[in-house]
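Chemist: Please find one structure pasted underneath; my questions will follow.
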Amino acid sequence: MSAPLQETLAAEHARLYLYGVLGARTSLAATPVLLATLTDCYRQHRALRDQLRQMLRDAGAEPVAAAPAYDVPPGWTSPGAISAAALGLEVATVETMAAMVARTIGEHRRWALAALQWSAVRQLELGGEPATWPGAPELA
Amino acid sequence: MTTRAAVTRRTAIAAALAPAALAGCDIDPPPDPAPPGAATPTPLEDSVLVGSLVTAIARAEAVVSAAGDAVPRLRPDLDGLLAAHAAHRSLLVEAAPDAPAPSAPEGAAPAARQAALAAVRRSEQRLRGQVERGCARASSGDLARVLAAMAGSLAQHAAALDGVQATAPRPGGRR
């Protein structure tokens, strides 16, 4: 019952870590808009993580813990690369949430659907374009 | 390539709507158990749901087309949305080929740019709500995932349209 939530939580732990890395590599003076966007994304993913933890506890499960560290892909240095990396994190978020939608019902499915839509829209601020099947690219 | 894509699409939704698939051959692990007392949706209900969404998408498509016809300058901003609607409807029609034909939209689109955009936004908001409710109701997890992706697409296009509206010239030339 809690496996889809645990897997989504594990993915959110990784994204939160990676957003921290992206934020630390972004200059407030040189790219204030990008830093503000990354900060907003970090806060939203932190909220998603906390909500997932609470949902798991409410279901009587122990939330999976974050790893001490996660692999950081090479090349996250320029503002363009950082923005593209953040876009990639949101693309992955939408896919994760779509998978959770498929494997849950009721309140949990509605939560994943809302998170999916938030992340899909956030992609536009990171240079993404509206897609036909966000989260389900094999349908294109 | 095309054959493979077609098989994948059928696997994702059309096959998911088949009674045998819903009886236990779904590609995804079973969803969370339904809470006690909850109504148990049936495969027939999923088919009806898909049929109603085909009709809803076609209606929204007609509103977008009418807006583009009434205000040709809007067409470039609406082409992506129209293409998404067509793709969404096409996939659902594969699953519900007997869905009733949609009725024509009521009245013509407003001829003013802002009013035409507002009509499209209202129509899109209504459609998105229907897709969200359908996603929540779907008994097939695969169908729910397809509808979630559709809702994500509609959310993105709505946000893009908001940008169009924000940059559109206002009456009198003032922003």
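Each protein sequence line maps, in turn, to chains A and B.
The working numbering applies: residue 2 is where the first sequence begins, and numbers increase by one.
The working numbering applies: residue 797 is where the second sequence begins, and numbers increase by one.
Quick reminder that beta carbons are idealized off the backbone N, C-alpha and C, glycines included.
Note that this is a predicted model, so its numbers are computed, not measured.
1. Our contact map puts A904 of chain B next to A856 of chain B with C-beta atoms below 8 Å; I'd like the distance itself, whole angstroms only.
2. For the alpha helix (DSSP H) containing L127 of chain A, name the first residue and the last one.
3. Since E96 of chain A is in the alpha helix (DSSP H), which residue starts that stretch and which ends it?
4. Pull up the distance between the alpha-carbon of E126 of chain A and that of M56 of chain A, whole angstroms please.
5. Looking at the unbroken alpha helix (DSSP H) that takes in P5 of chain A, where does it start and where does it end?
6. Taking C-alpha atoms, which residue in A:P135, A:D59, A:Y18, A:I83 lies nearest to T27 of chain A?
7. Leaving out the 5 sequence neighbours to the left and right, which residues in its chain are closer than 7 Å to P906 of chain B when beta-carbon positions are compared?
8. For a cutoff of 8 Å on Cβ pairs, would you count G990 of chain B as touching chain A?
9. Can you tell me whether P75 of chain A is buried or exposed, with buried defined as 16 or more other CB within 10 angstroms of its CB?
10. How many whole angstroms separate the CB atoms of L39 of chain A and L23 of chain A, which I take to be in contact at a CB cut-off of 8 Å?
11. Going along chain A, which residues have a C-beta under 7 Å from A940 of chain B?
12. Take the Cβ of R918 of chain B as the centre, count every other Cβ of all protein chains shown within 10 Å, and call the residue buried at 16 or more, exposed below.
13. Which stretch, first to last residue, makes up the alpha helix (DSSP H) that contains L35 of chain A?
14. Candidates A:T94, A:P131, A:L29: which alpha carbon is nearest R47 of chain A's?
15. Return the chain-ordered list of same chain residues with a C-beta closer than 8 Å to the C-beta of M98 of chain A, the five sequence neighbours on each side being excluded.
16. Give a yes or no on whether the minimum CB-CB distance between L140 of chain A and chain B is below 8 Å.
17. Can you list, in chain order, the residues of its chain whose CB lies under 8 Å from that of A70 of chain A, leaving out five sequence neighbours each side?
18. Going by alpha carbons, who is nearest to Q926 of chain B out of B:D938, B:Q910, B:A951?
19. How about A955 of chain B and L943 of chain B: do their beta carbons lie closer than 8 Å?
20. What are the boundary residues of the alpha helix (DSSP H) that D873 of chain B is part of?
21. Report the rounded CA-to-CA distance for P138 of chain A versus R922 of chain B, giving the unit in angstroms.
22. Less than 8 Å between CB atoms is the rule here; does L870 of chain B satisfy it with respect to chain A?
23. So, is L840 of chain B buried or exposed, given that buried needs 16 or more other C-beta atoms within 10 angstroms?
24. Say whether chain B places a C-beta atom closer than 8 Å to the C-beta of T133 of chain A.
25. Mind checking the stretch 78-104 of chain A against chain B and listing, in chain order, the residues whose C-beta falls within less than 8 Å of any C-beta there?
26. For L117 of chain A, which residues in chain B fall below 9 Å Cβ to Cβ?
27. With 8 Å as the threshold, decide whether the Cβ of A914 of chain B is near any Cβ in chain A.
28. So, does the CB of V34 of chain A fall closer than 8 Å to a CB anywhere in chain B?
29. Under 8 Å between beta-carbons, which chain B residues line up against G136 of chain A? List them in chain order, please.
Modeler: Reading from the atomic positions:
1. Locating residue 904 of chain B in the second sequence gives position 108, where the first residue counts as 1. Locating residue 856 of chain B in the second sequence gives position 60, where the first residue counts as 1. A856 of chain B and A904 of chain B do not touch by the CB rule: their CB atoms are close to 16 Å apart, not below 8 Å.
2. Stepping through the first sequence from its first residue, residue 127 of chain A is reached at position 126. That residue, L127 of chain A, is in no alpha helix (DSSP H); it is neither H nor E in DSSP.
3. Position 95 of the first sequence, counting from 1, holds the residue named residue 96 of chain A. From DSSP, the alpha helix (DSSP H) with E96 of chain A extends over 80-104.
4. Your numbering for residue 126 of chain A matches position 125 in the first sequence. Your numbering for residue 56 of chain A matches position 55 in the first sequence. Approximately 29 Å between the Cα atoms of the pair.
5. Your numbering for residue 5 of chain A matches position 4 in the first sequence. Per DSSP, P5 of chain A belongs to the alpha helix (DSSP H) from 4-25.
6. As a position in the first sequence, residue 27 of chain A is number 26, starting the count at 1. Nearest option by C-alpha distance: A:I83.
7. Taking the first residue of the second sequence as 1, we reach residue 906 of chain B at position 110. Excluding sequence neighbours, P906 of chain B sits near A866, A912, A915.
8. Any answer about residue 990 of chain B is impossible in this case: the structure gives chain B only from 797 up to 971.
9. In the first sequence, the residue the question calls residue 75 of chain A occupies position 74. Result: exposed.
10. Counting from one through the first sequence, the residue named residue 39 of chain A turns up at place 38. Counting from one through the first sequence, the residue named residue 23 of chain A turns up at place 22. At roughly 5 Å, the Cβ-Cβ gap stays under 8 Å, so L39 of chain A and L23 of chain A are in contact.
11. The residue you call residue 940 of chain B lines up with position 144 of the second sequence. Under the 7 Å cutoff, chain A gives V102, A103, R110.
12. Position 122 of the second sequence, counted from the first residue, corresponds to residue 918 of chain B. Classification of R918 of chain B: exposed, given that the 10 Å Cβ count is below 16.
13. To locate residue 35 of chain A, count along the first sequence from 1; it is residue 34. Unbroken alpha helix (DSSP H) run through L35 of chain A: 33-59.
14. Against the first sequence, residue 47 of chain A aligns to sequence position 46. When only C-alpha atoms are compared, the closest one is A:T94.
15. In the first sequence, counting from the first residue as 1, residue 98 of chain A sits at position 97. The residues are T9, A113, L114, A116, L117, S120, G136.
16. Counting from one through the first sequence, the residue named residue 140 of chain A turns up at place 139. Yes, its Cβ sits closer than 8 Å to a Cβ of chain B.
17. For the purposes of this step, residue 70 of chain A is taken as the residue at position 69 of the first sequence. Once the five neighbours on either side are set aside, the close Cβ partners of A70 of chain A are Y18.
18. Taking the second sequence and counting its residues from 1, one reaches residue 926 of chain B at position 130. Minimum Cα distance to Q926 of chain B is reached at B:A951.
19. Within the second sequence, numbered from 1, the residue matching residue 955 of chain B stands at position 159. Within the second sequence, numbered from 1, the residue matching residue 943 of chain B stands at position 147. For the pair A955 of chain B and L943 of chain B, the CB atoms are not nearer than the 8 Å cut-off.
20. Against the second sequence, residue 873 of chain B aligns to sequence position 77. Segment 871-891, the alpha helix (DSSP H) holding D873 of chain B.
21. By 1-based counting over the first sequence, the position of residue 138 of chain A is 137. By 1-based counting over the second sequence, the position of residue 922 of chain B is 126. Straight-line Cα distance between these residues: approximately 25 Å.
22. As a working mapping, residue 870 of chain B is identified with position 74 in the second sequence. Chain A contact via Cβ: absent.
23. Locating residue 840 of chain B in the second sequence gives position 44, counting from the first residue. When all chains shown are included, L840 of chain B counts as exposed.
24. Working through the first sequence from its first residue, we reach residue 133 of chain A at position 132. Closer than 8 Å to some Cβ of chain B, the Cβ of T133 of chain A qualifies, so yes.
25. V95, M98, A99, A100, V102, A103, R104
26. Against the first sequence, residue 117 of chain A aligns to sequence position 116. Near L117 of chain A (Cβ distances below 9 Å), the residues of chain B are A944, A945, A947, G948, A951.
27. Position 118 of the second sequence holds residue 914 of chain B. No, A914 of chain B does not count as interfacial toward chain A.
28. Residue mapping note: residue 34 of chain A aligns to position 33 of the first sequence, counting from 1. So no, V34 of chain A is outside the interface.
29. Sequence index remark: in the first sequence, residue 136 of chain A carries index 135 (1-based). Those within 8 Å of G136 of chain A in chain B are R941, A944, A945, G948.
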